[in-house]
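Numbering (this note's numbering), first residue to last: 9 to 251.
Cβ coordinates follow ideal geometry from the N, Cα and C atoms, glycine included.
Note that the coordinates shown come from a computational prediction; the quantities given were computed from them, not determined experimentally.
Written below as structure tokens is the structure these notes are about.
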């Protein structure tokens, strides 16, 4: 297994925030059932989805939790020339109240509008526990990968504190990240997520992941990376930018 391929597959999962969820049809046995779902990654680096109890894909998962989610690079003119990932998984509904609260705190930062319909309707959080992955990085770059997930060392209070501090006190730095990386500047950006490899910005309804120059394993290293990027004159070449 290529370590580089696993890294690129994980970065694709981080860069995107919606995928095609395929479940085993309950009403049409033997046929796959596809539906589009938004997602963010949980503390273990697994896709976290919020789905309605009355939705067809939820009924399907309740009968058979085996599923897959297809994620591809957004905005590609030639979809066969860019990266795409088939994430094979077993879906698991979150039942523990502590796990649900942690999921909600992170998911609402990424998709704030979901808080309203989650409370008003019967929606539940589900985690997609990985089984195997099929990653295609372009023509001829085809890999089966067993492991791509990476636990987030900052999940919880540490992440929330860093995000609150940056959004409250360093809006100019965030605007500089947007300008430096060529992201849309039609609306002010908000920092919504931090992991060991990068950060997520929310601009309007869109989510964008920017890689750190180097992996960060402590809040101090994150701070150093954010300060470095705030003073950079160009985006570091070794840090991948969301397309």
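Bounds of any alpha helix (DSSP H) do not take in residue 140; it lies within the beta strand (DSSP E) bounded by 131-144. The beta strand (DSSP E) runs lying completely inside the region 52-140 and spanning 3 residues or more are 55-60, 74-80 and 92-101, given in chain order. Contact check for residue 240 and residue 188: beta-carbon distance about 6 Å, within the 8 Å limit, so the pair qualifies. In the DSSP assignment, the residues bridged to residue 49 are 55. Per DSSP, reduced to three states, the secondary structure at residue 182 is helical. Per DSSP, the unbroken alpha helix (DSSP H) holding residue 234 starts and ends at 227-239. In the three-state scheme derived from DSSP, where H, G and I count as helix and E and B as strand, residue 170 is classed as helix. Contact check for residue 94 against residue 165 fails: the beta carbons are separated by 8 Å or more. A straight line joining the alpha-carbon of residue 136 with that of residue 68 spans about 14 Å.
Remark: three or more beta-carbon pairs, one from each stretch, lie closer than 8 Å, so the region 154-168 and the region 41-60 are flagged as touching.
A straight line joining the alpha-carbon of residue 212 with that of residue 197 spans about 8 Å. Residue pairing by DSSP puts residue 210 in a beta bridge opposite 198 and 215.
The distance from the Cβ of residue 41 to that of residue 65 is about 6 Å, consistent with a contact at the 8 Å cut-off.
DSSP places residue 29 within a strand segment (E or B) once states are collapsed to three.
By the CB criterion at 8 Å, residue 125 and residue 131 fall inside the cutoff. In this structure, DSSP gives residue 35 a state outside helix and strand, which the three-state scheme calls coil. Between residue 221 and residue 238, the CB-CB gap reaches or exceeds 8 Å. Residue range 11-23 is occupied by the alpha helix (DSSP H) that includes residue 17. A straight-line Cα-Cα distance of about 10 Å links residue 29 and residue 46.
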